[in-house]
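Numbering (our numbering), first residue to last: 21 to 175. Written below as structure tokens is the structure these notes are about.
Written out as structure tokens, the structure reads:
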């Protein structure tokens with residue numbers, strides 16, 4: 021089994037297919053350099069758009085069998101105290117045709133106020149899909165993240 025190792029996206033975008041909160045400066049999420057993208061609001065509802073990461077530049081060899089997809093996202097919240105916190109609302113795969121997969125890998129774990137990587141999927145997890153090497157190599161392949169921000173216990 022070959023591991024592609026850590027690979028950063030070539031393209032980041034705010035995708036307004038869901039939610040109401042816009043991701044600001046999405047390109048800042050391409051690398052870990054203490055320059056952030058963020059989604060914030062002071063009004064309800066508190067669901068972000070998708071933050072969409074694609075164009076990873078994978079070069080999986082022809083004929084390779086895909087056995088799992090592991091995604092690591094570095095997360096940080098400005099709030100995590102009592103009723104004020106951030107959690108995932110959705111973490112889904114983006115297929116090579118650009119459509120969003122149905123399997124949701126979101127976690128109910130509150131985001132830390134310190135930067136930390138969180139892992140979704142695994143070396144043996146196909147996210148409910150069947151994959152060919154061409155799917156993974158496609159520039160449209162990726163992942164979306166949507167967050168929920170609770171202020172004072174929610175709406």
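Positions of the beta carbon are idealized from the N, C-alpha and C atoms, including for glycine. From a predicted model like this one, the values you see are computed outputs, not experimental measurements.
Starting from residue i, trace the alpha helix (DSSP H) in both directions and tell me its first and last residue.
i: residue 156; result: 153-157
Between the options, which lies nearest to residue i when the distance is taken from Cα to Cα?
i: residue 126; options: 164, 89, 118; result: 164
i: residue 144; options: 90, 161, 26; result: 90
i: residue 153; options: 59, 43, 35, 85; result: 85
i: residue 58; options: 117, 28, 23, 97; result: 97
i: residue 108; options: 172, 26, 168; result: 168
i: residue 39; options: 137, 92, 106, 66; result: 66
i: residue 37; options: 105, 72, 45, 50; result: 72
i: residue 32; options: 60, 75, 113, 121; result: 75
i: residue 172; options: 155, 83, 100, 138; result: 100
i: residue 51; options: 117, 131, 35, 137; result: 137
i: residue 27; options: 79, 103, 124; result: 79
i: residue 132; options: 77, 105, 24, 115; result: 105
i: residue 45; options: 113, 54, 34; result: 34
i: residue 170; options: 102, 49, 110; result: 102
i: residue 112; options: 128, 83, 70, 81; result: 70
i: residue 61; options: 42, 128, 156, 25; result: 42
i: residue 121; options: 82, 92, 155, 139; result: 155
So residue i is in the beta strand (DSSP E); what residue range does that whole segment cover?
i: residue 73; result: 70-74
i: residue 31; result: 31-35
i: residue 109; result: 105-114
i: residue 170; result: 162-170
What distance in whole Å lies between the Cβ atoms of residue j and residue i, which are believed to be in contact at a cut-off of 8 Å?
i: residue 94; j: residue 135; result: 6 Å
i: residue 161; j: residue 115; result: 7 Å
i: residue 123; j: residue 147; result: 5 Å
i: residue 88; j: residue 30; result: Not confirmed; about 22 Å, so no contact.
i: residue 110; j: residue 166; result: 4 Å
Which partner residues does residue i have in the DSSP bridge list?
i: residue 138; result: 93
i: residue 58; result: 44
i: residue 120; result: 114
i: residue 101; result: 104
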